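Reviewing the structure listed below.
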Ligand code: PAF
C-alpha cells in the first residue's frame, strides 16, 4: 500500500491507472478505523481495480466546542488495518494541504434542503463542511465509485445530492451499517463510552427495532412512537437529541401515506453523541 500526503503526488500516482482505464473506488474516512470502515474497503475492492482510502480529520465539519481536537487519531494502527485489508493507496493530507490559505475553504458546498434538519439542526454548518471536503476529495482522487456507510444516512443523502447536482461522474454507494453483536452501530465515537455505558448503548438500536416492529404491525400514530422511544432512551440514561420517522428520500417527517421510511435517531450517552437509523418499506 502506498501512503501519500500530497495532492500532486497522489495525482501522479493515479495518472497511469486512469490512462489504463482502471476502475478507482474511494473510501473517505476520518481515521480511527473500526470493522465498519474495513467493510467499506471490502466493498470497494469488489467494485474496482484500485482502492484509495483517505484519512483526514476535517476541521470544517466540526463546530465550536465539538471534538475536533480530541478526535481520536490512530494513524499507525489505521495504516496497518488498511494494508492488511488490501487497500492500495492511502491519502492522508495535512490540514494545510487541504486548506492552504486559512484552514477555511473559500468555496463552500452546501445542500440547503437537507442540511438544516436532524443532525444539521444540532450541528450547524456540519454538512457544509462534509459536502465541501467530499467535493474536494472527489476532485483530487477522481474516483469512479465512492463508498459511504449508511449509519450516517443524512450524510449519505447530502453527498448523493451534491454529486448529482454538481454532475460529478462518481457512483455513490451506501454500504450497510456494521453492528456489534448487541446491535450497537460501530462508530469511532463509541470509544468515548465507558464500559458501563457501552452496555447500555445498544438501547438506541433496541428502540429503533421496537419502532420498526410497531410500524410494521400497523401503528399509525407516528408522534406517539417517536415520543415513546425518546422516553425509553431517557429511562436508559440517554439525553435526547432526536428520534424521528422520516421519508427515506428527503428526510421530511413521514405521514401515514408514506411507505418508504427511515427511522433516524441521535442521542447523547456520557461524552458520546450516538446516531443510528433503520430503513423500512411498508406494504
Ligand atoms: O463520515 C466521515 O467519516 C466523514 O464525514 C467524511 C465523509 C470522511 C468527510 O470528512
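Numbering (our numbering), first residue to last: 94 to 376. The beta carbon of each residue, even a glycine, is placed where N, CA and C say it ideally should be. For clarity, every value in this text was computed on a predicted model and none was experimentally measured.
For the alpha helix (DSSP H) holding residue 129, just list the boundary residues, first then last.
Numbered from 1 along the chain shown, position 36 holds the residue referred to as residue 129. Start and end: 128-140.
Since residue 304 is in the alpha helix (DSSP H), which residue starts that stretch and which ends it?
Taking the first residue of the chain shown as position 1, residue 304 is located at position 211. Where residue 304 is concerned, the enclosing alpha helix (DSSP H) stretches over 296-309.
Tell me which residues pass a beta-carbon proximity test against the ligand PAF: closer than 6 Å to any heavy atom, given in chain order.
121, 122, 123, 151, 154, 223, 226, 227, 245, 248
Excluding the five sequence neighbours on either side, which residues of its own chain have a C-beta within less than 8 Å of the C-beta of residue 229, listed in chain order?
In the chain shown, the residue the question calls residue 229 occupies position 136. Result list for residue 229: 191, 198, in chain order.
Looking at residue 237 and residue 346, is the spacing between their C-beta atoms short of 8 Å?
In the chain shown, residue 346 corresponds to position 253, counting from 1. In the chain shown, residue 237 corresponds to position 144, counting from 1. Cβ atoms of residue 346 and residue 237: not closer than 8 Å.
Could you please give me the residues that DSSP links to residue 143 through a beta bridge?
Within the chain shown, residue 143 is the residue found at index 50, counting from 1. Paired residue(s): 117.
Beta-carbon separation of residue 354 and residue 375 under 8 Å?
Position 261 of the chain shown holds residue 354. Position 282 of the chain shown holds residue 375. Contact: yes.
Please name the residue, chosen from 358, 364, 258, 168, that lies closest to residue 288 on a Cα-to-Cα basis.
If you number the chain shown from 1, residue 288 lands on position 195. Measuring from the Cα of residue 288, the nearest candidate turns out to be 364.
In three-state terms, what does DSSP make of residue 214?
The residue you call residue 214 lines up with position 121 of the chain shown. Of the three classes helix, strand and coil, the one that applies to residue 214 here is helix, per DSSP.
Measure the CB-CB distance between residue 145 and residue 263 and report whether it falls below 8 Å.
Your numbering for residue 145 matches position 52 in the chain shown. Your numbering for residue 263 matches position 170 in the chain shown. Contact flag unset, no.
Assuming the contact rule is C-beta atoms closer than 8 Å, residue 248 and residue 223 should be a hit. Round their C-beta distance to whole Å, please.
Position 155 of the chain shown, counted from the first residue, corresponds to residue 248. Position 130 of the chain shown, counted from the first residue, corresponds to residue 223. About 6 Å; that satisfies the 8 Å criterion.
Does DSSP put residue 339 in a helix, in a strand, or in coil?
The count along the chain shown starts at 1 and reaches residue 339 at position 246. Three-state result, residue 339: strand.
Provide the residue span of the alpha helix (DSSP H) that contains residue 353, from first to last.
Along the chain shown, one-based indexing puts residue 353 at 260. Premise fails: residue 353 lies in the beta strand (DSSP E), 353-362, not in any alpha helix (DSSP H).
According to DSSP, is residue 334 helix, strand or coil?
Here residue 334 refers to the residue found at position 241 when the chain shown is read from its first residue. Strand, per DSSP.
Do residue 227 and residue 157 count as a contact pair if the criterion is CB distance below 8 Å?
Taking the first residue of the chain shown as position 1, residue 157 is located at position 64. Taking the first residue of the chain shown as position 1, residue 227 is located at position 134. No, the Cβ-Cβ distance between residue 157 and residue 227 is not below 8 Å.
How is the alpha helix (DSSP H) around residue 197 delimited, first residue to last?
The residue you call residue 197 lines up with position 104 of the chain shown. Taken as a continuous stretch (DSSP letters only), residue 197 belongs to no alpha helix (DSSP H), as it is neither H nor E.
In angstroms with no decimal places, state the Cα-to-Cα distance between residue 318 and residue 103.
The sequence position of residue 318 within the chain shown is 225, counting from 1. The sequence position of residue 103 within the chain shown is 10, counting from 1. The C-alpha of residue 318 lies about 49 Å from the C-alpha of residue 103.
Report the partner residues of residue 265 according to the DSSP bridge assignment.
As a working mapping, residue 265 is identified with position 172 in the chain shown. Residue 265 is bridged to 239.
Is it buried or exposed for residue 137, if we count other Cβ within 10 angstroms and need 16 for buried?
For the purposes of this step, residue 137 is identified with residue 44 of the chain shown, where counting begins at 1. Under this definition residue 137 is a buried residue.
Confirm, please, whether the CB-CB distance from residue 275 to residue 295 is below 8 Å.
What you label residue 295 is simply residue 202 of the chain shown in a count that begins at 1. What you label residue 275 is simply residue 182 of the chain shown in a count that begins at 1. Contact: yes.
Going by DSSP in three states, residue 110 sits in which element: helix, strand or coil?
Here residue 110 refers to the residue found at position 17 of the chain shown. Correct three-state label for residue 110: helix.
Let's test the definition: count the other Cβ atoms within 10 Å of the Cβ of residue 208 and tell me whether it reaches 16, buried, or not, exposed.
Locating residue 208 in the chain shown gives position 115, counting from the first residue. It is buried - the Cβ of residue 208 has at least 16 other Cβ atoms within 10 Å.
Taking 8 Å as the threshold (C-beta atoms), are residue 180 and residue 94 in contact?
Locating residue 94 in the chain shown gives position 1, counting from the first residue. Locating residue 180 in the chain shown gives position 87, counting from the first residue. The answer is yes: Cβ separation under 8 Å.
Could you check whether residue 343 and residue 244 sit closer than 8 Å to each other, using their CB atoms as the reference points?
Working through the chain shown from its first residue, we reach residue 244 at position 151. Working through the chain shown from its first residue, we reach residue 343 at position 250. No, the pair does not count as a contact, with Cβ atoms beyond the cut-off.
With DSSP collapsed to three states, give me the class of residue 270.
Numbered from its first residue, the chain shown carries residue 270 at position 177. Here residue 270 sits in coil by DSSP.
Less than 8 Å between the beta carbons of residue 266 and residue 184, yes or no?
To locate residue 266, count along the chain shown from 1; it is residue 173. To locate residue 184, count along the chain shown from 1; it is residue 91. No. Outside cutoff.
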